[in-house]
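In the working numbering, the protein residues as written are 392 to 671. Every residue gets a Cβ at the ideal spot worked out from N, C-alpha and C, and that includes glycine.
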């Protein structure tokens, strides 16, 4: 099977970073677009330093730079474009509309096999919008943003403080990042066979747990006492009526919360030690 070029917009994001690493391992050429603007967190910038590979090229720009974007598409002629969500973007739909315009110009010369988005608040898909819109649950993993629930919980347990802003009985639908990436890789391989799905697809969660269970598991892994006496309320399991991607690609996320946390906590300890040594 011929390997191709994948353009990842937002490659410094949590999802974009992990997708790029895996696609490079799979033999794809990866072109990553991102910048180091004032909204970039320290860990987002650090992800870019980790992404080193002979088949990876980072281009520091934004979607608003029309000249550079058109040049990128003309020069690299990507077969697949992935638009990753970021927690620091004010208007994700504006990025999406910009990318659509570039694609429309690009496909007058070269065919594009797939355009994939993550967690965009799109309402409908038309024939003029042949994108694959993927939606995820509470995704976690190494190199995650400090603002996420799992990251906050790990820091709280490690420091021996109470996790604020959450209820013990709140249910979280967790997905380990490797499972999400595996789903996307299988989707790209499916597209390479000639199948061109469009529309909305949910990457299902692999585990459903309460915040109290999350804290207890972290405490067990860190061998520390977790402050689990949070307020309680009646919670409802979030459910979606969006078709799930697993029926299409033949893979369903299966990593349990505890299995994923073991990997994340191991990374967290190494990362914390690295920061103590002054490696920025």
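Using beta carbons (cut-off 8 Å, strictly below), is residue i in contact with chain C?
{"i": "residue 657", "result": "No chain C appears in this structure, which consists of one protein chain only."}
Output the distance between the C-alpha atoms of residue i and residue j, rounded to the nearest integer angstrom.
{"i": "residue 483", "j": "residue 562", "result": "27 Å"}
{"i": "residue 663", "j": "residue 636", "result": "35 Å"}
{"i": "residue 402", "j": "residue 426", "result": "9 Å"}
{"i": "residue 629", "j": "residue 564", "result": "8 Å"}
{"i": "residue 411", "j": "residue 543", "result": "25 Å"}
{"i": "residue 431", "j": "residue 407", "result": "14 Å"}
{"i": "residue 449", "j": "residue 463", "result": "11 Å"}
{"i": "residue 441", "j": "residue 602", "result": "31 Å"}
{"i": "residue 598", "j": "residue 570", "result": "12 Å"}
{"i": "residue 524", "j": "residue 490", "result": "14 Å"}
{"i": "residue 439", "j": "residue 666", "result": "16 Å"}
{"i": "residue 451", "j": "residue 606", "result": "38 Å"}
{"i": "residue 609", "j": "residue 533", "result": "14 Å"}
In terms of DSSP beta bridges, what is residue i paired with?
{"i": "residue 447", "result": "421"}
{"i": "residue 566", "result": "530"}
{"i": "residue 598", "result": "565"}
{"i": "residue 548", "result": "Partner(s): none; residue 548 has no beta bridge."}
{"i": "residue 523", "result": "507 and 590"}
{"i": "residue 473", "result": "399 and 507"}
Between the Cα of residue i and the Cα atoms of the options, which residue gives the shortest distance?
{"i": "residue 556", "options": "542, 466 and 621", "result": "621"}
{"i": "residue 444", "options": "457, 421 and 431", "result": "421"}
{"i": "residue 485", "options": "454, 593 and 449", "result": "454"}
{"i": "residue 660", "options": "545, 470, 490 and 541", "result": "545"}
{"i": "residue 511", "options": "474, 495 and 547", "result": "474"}
{"i": "residue 522", "options": "651, 494, 417 and 501", "result": "494"}
{"i": "residue 631", "options": "436, 666, 534 and 591", "result": "591"}
{"i": "residue 541", "options": "457, 655, 666 and 418", "result": "655"}
{"i": "residue 617", "options": "604, 457, 624 and 627", "result": "604"}
{"i": "residue 435", "options": "492, 498, 500 and 537", "result": "537"}
{"i": "residue 627", "options": "667, 668, 600 and 572", "result": "600"}
{"i": "residue 468", "options": "573, 649 and 499", "result": "499"}
{"i": "residue 649", "options": "624, 612 and 623", "result": "612"}
{"i": "residue 593", "options": "668, 526 and 651", "result": "526"}
{"i": "residue 586", "options": "645, 488, 639 and 417", "result": "639"}
{"i": "residue 433", "options": "610, 634 and 535", "result": "535"}
{"i": "residue 487", "options": "400, 625 and 470", "result": "400"}
Using a threshold of 7 Å, is the CB atom of residue i nearer than that to any non-hydrogen atom of the ligand COA?
{"i": "residue 425", "result": "The ligand COA is absent from the structure shown, which contains no ligand whatsoever."}
Compute the distance between the beta-carbons of residue i and residue j, then report whether it is under 8 Å.
{"i": "residue 529", "j": "residue 566", "result": "yes"}
{"i": "residue 472", "j": "residue 398", "result": "yes"}
{"i": "residue 641", "j": "residue 580", "result": "no"}
{"i": "residue 643", "j": "residue 595", "result": "yes"}
{"i": "residue 589", "j": "residue 504", "result": "no"}
{"i": "residue 553", "j": "residue 547", "result": "yes"}
{"i": "residue 507", "j": "residue 409", "result": "no"}
{"i": "residue 615", "j": "residue 657", "result": "no"}
{"i": "residue 395", "j": "residue 419", "result": "yes"}
{"i": "residue 405", "j": "residue 423", "result": "no"}
{"i": "residue 509", "j": "residue 651", "result": "no"}
{"i": "residue 461", "j": "residue 496", "result": "yes"}
Helix or strand or just coil, what does DSSP make of residue i?
{"i": "residue 505", "result": "strand"}
{"i": "residue 642", "result": "coil"}
{"i": "residue 398", "result": "strand"}
{"i": "residue 635", "result": "strand"}
{"i": "residue 629", "result": "coil"}
{"i": "residue 535", "result": "coil"}
{"i": "residue 482", "result": "coil"}
{"i": "residue 456", "result": "coil"}
{"i": "residue 665", "result": "helix"}
{"i": "residue 432", "result": "coil"}
{"i": "residue 411", "result": "helix"}
{"i": "residue 556", "result": "coil"}
{"i": "residue 623", "result": "coil"}
{"i": "residue 488", "result": "helix"}
{"i": "residue 610", "result": "helix"}
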